[in-house]
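Asks: Sequential numbering of the sequence shown, starting at 56, is according to my numbering.
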Amino acid sequence: MSITKDQILEAFAAMSVMEVVELVEAMEEKFGVSAAAAVVAGGAGEAAAAVEEKTEFDVVMTSHGENKVAVIKAVRGATGLGLKEAKAMAESAPVAVKEGVSKDEAEALKKELEEAGATVEIK
Numbered sequence: 056m057s058i059t060k061d062q063i064l065e066a067f068a069a070m071s072v073m074e075v076v077e078l079v080e081a082m083e084e085k086f087g088v089s090a091a092a093a094v095v096a097g098g099a100g101e102a103a104a105a106v107e108e109k110t111e112f113d114v115v116m117t118s119h120g121e122n123k124v125a126v127i128k129a130v131r132g133a134t135g136l137g138l139k140e141a142k143a144m145a146e147s148a149p150v151a152v153k154e155g156v157s158k159d160e161a162e163a164l165k166k167e168l169e170e171a172g173a174t175v176e177i178k
């Protein structure tokens, strides 16, 4: 007698989270696979769709470059921080200057910081 997919799903639904984690670990060990790798391989199309739907971006300054004073001024203008805080942020690169902003705002801030001499990434 074989067990149906629906019966297996019902059994999973009745399990606690810890029981499911233990079951996944046992399956990984028994079959020599990784659930994370299966999700990545099986959901590549879904992952690509998720990237396209991204609406919030982080602007990360990786280096203040040669013109630290101009970068500090740009950071102050973008964040509203005081001189001391903006200087500390510029000197602690890599650092997120702004998080959770729109794509347009992230690109505008990146351009502004790069014109001041910083090295910037959008994540």
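For every residue, glycine included, the Cβ atom is placed at its ideal position computed from N, Cα and C.
Terminal residues of the continuous alpha helix (DSSP H) containing ILE177?
Replies: That residue, ILE177, is in no alpha helix (DSSP H); its beta strand (DSSP E) goes 174-177.
Asks: Three-state secondary structure (DSSP) at ALA93?
Replies: Model confidence at ALA93 stands at a pLDDT of 49, short of 50, so the residue's coordinates are unreliable and nothing is read from them.
Asks: Going by the beta-carbon positions, is the gap between GLY179 and THR174 smaller than 8 Å?
Replies: There is no way to answer for residue 179, as the model of the chain reaches only from 56 to 178.
Asks: Relative to the C-alpha of ALA145, which residue among ALA171, ALA163, SER118 is closest?
Replies: Comparing Cα-Cα distances from ALA145 to each of ALA171, ALA163, SER118, the minimum goes to SER118.
Asks: Answer yes if the stretch 126-141 comes into contact with the stretch 75-89, meaning at least three C-beta pairs across the two stretches below 8 Å, and no otherwise.
Replies: Flag = no, the stretch 75-89 and the stretch 126-141 do not touch.
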